[in-house]
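Here's the structure we're looking at; comments come further down.
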Amino acid sequence: MFTFVYTEFFYKPLFNALVFFTNISPSHSLGLAIIMVTILVRLVLFPFQHKMAKTQTAMKKLEPELQKIKERYKNKKEEQARATMGLYKKHGVSPFSGIFMLLIQLPVLIALLRIFEGGLQGDISAVLYSFVSVPDGVNSIFLGIDLVKSSVVLAALAGLSQYFQIKLAYPAEEKNKQIDKSEKKESFGKDFQHAMRTQMQYVFPFIIFFIGIRFSAALTLYWTVMNIFAIVHESVVRRRASALGYE
Numbered sequence: 001m002f003t004f005v006y007t008e009f010f011y012k013p014l015f016n017a018l019v020f021f022t023n024i025s026p027s028h029s030l031g032l033a034i035i036m037v038t039i040l041v042r043l044v045l046f047p048f049q050h051k052m053a054k055t056q057t058a059m060k061k062l063e064p065e066l067q068k069i070k071e072r073y074k075n076k077k078e079e080q081a082r083a084t085m086g087l088y089k090k091h092g093v094s095p096f097s098g099i100f101m102l103l104i105q106l107p108v109l110i111a112l113l114r115i116f117e118g119g120l121q122g123d124i125s126a127v128l129y130s131f132v133s134v135p136d137g138v139n140s141i142f143l144g145i146d147l148v149k150s151s152v153v154l155a156a157l158a159g160l161s162q163y164f165q166i167k168l169a170y171p172a173e174e175k176n177k178q179i180d181k182s183e184k185k186e187s188f189g190k191d192f193q194h195a196m197r198t199q200m201q202y203v204f205p206f207i208i209f210f211i212g213i214r215f216s217a218a219l220t221l222y223w224t225v226m227n228i229f230a231i232v233h234e235s236v237v238r239r240r241a242s243a244l245g246y247e
């Protein structure tokens, strides 16, 4: 069942999209095709990612009320959890939207990894839809980089763009953390959250870099473009939230 869903709803559509865009790209450019596939994936995931970005902004707005709930039900964890979920429900906030997005993006990433590593060589007609033709040739050179091979430059760009994407996603928490340092007493929860955010911001980009240098540059190009779109999207959402007084 899982194999069928993965193949029919993730692998085949993405493979056909890459071949289709390669066919219509100037000089059958694989790089341009990957960028167009990235745009397509972003458009499909946009409603979910936009909701997640709005949820993050809304949760920051609710932080003062969440703090009051924690203080009010300090020694009553069940009532604290109930009141917290009630607050989320009242404002239409889903704290699990990030997990949902991960569940969607993971099979997409696995499918693209398999496609990029397998390439468009050999007999691919069995995987193609009837309206998608086999390309006459594929130009894997993009901006002087062979996308079939690994690239330190693109791996570095993927890691760097990931750093800025995470940094942009959590600026308010960092500011709050600086304020909390002036307090005499600090909860373990806040320490743990701050540590996790720090690891995500500084460790995860290095992980992306080291993964990137082990795989084809096609994957790191996709990841870099995806991060750039995420940065632009997050900036727009935050600008609008700031104009409405949410930040």
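Under the UniProt record's numbering, the first residue of the sequence shown is numbered 1, with each subsequent residue one higher.
The beta-carbon is built from N, C-alpha and C at its ideal position, and this holds for glycine as well.
If only complete runs of 4 or more residues are kept, the segment 84 to 137 shows the alpha helix (DSSP H) at 97 to 118, in order along the chain. Remark: C-beta atoms of M52 and M101 approach each other more closely than 8 Å. Contact between F15 and I115 holds, since their C-beta atoms are separated by about 5 Å, short of 8 Å. If the five residues before and after V132 are omitted, its C-beta is found closer than 7 Å to the C-beta atoms of N16, V19 and F20, all from its own chain and listed in chain order. DSSP places F215 outside both helix and strand once states are collapsed to three, so it counts as coil. It is roughly 44 Å from the alpha-carbon of K68 to the alpha-carbon of A111. Annotation: the continuous alpha helix (DSSP H) that includes S161 extends over V152 to A169. By a beta-carbon distance limit of 8 Å, L40 does not contact L147. Their separation comes to about 18 Å.
For S29, DSSP records a beta bridge to N139. With respect to the C-alpha of P135, the residue from T22, R240, A126 and I228 having the closest C-alpha is T22.
With respect to the C-alpha of M36, the residue from F46, I24 and P47 having the closest C-alpha is I24. Within 10 angstroms of the beta-carbon of S140 lie 16 or more other beta-carbons, which makes it buried. If you ignore the 5 residues before and after K90, its C-beta comes within less than 7 Å of no other C-beta in its own chain.
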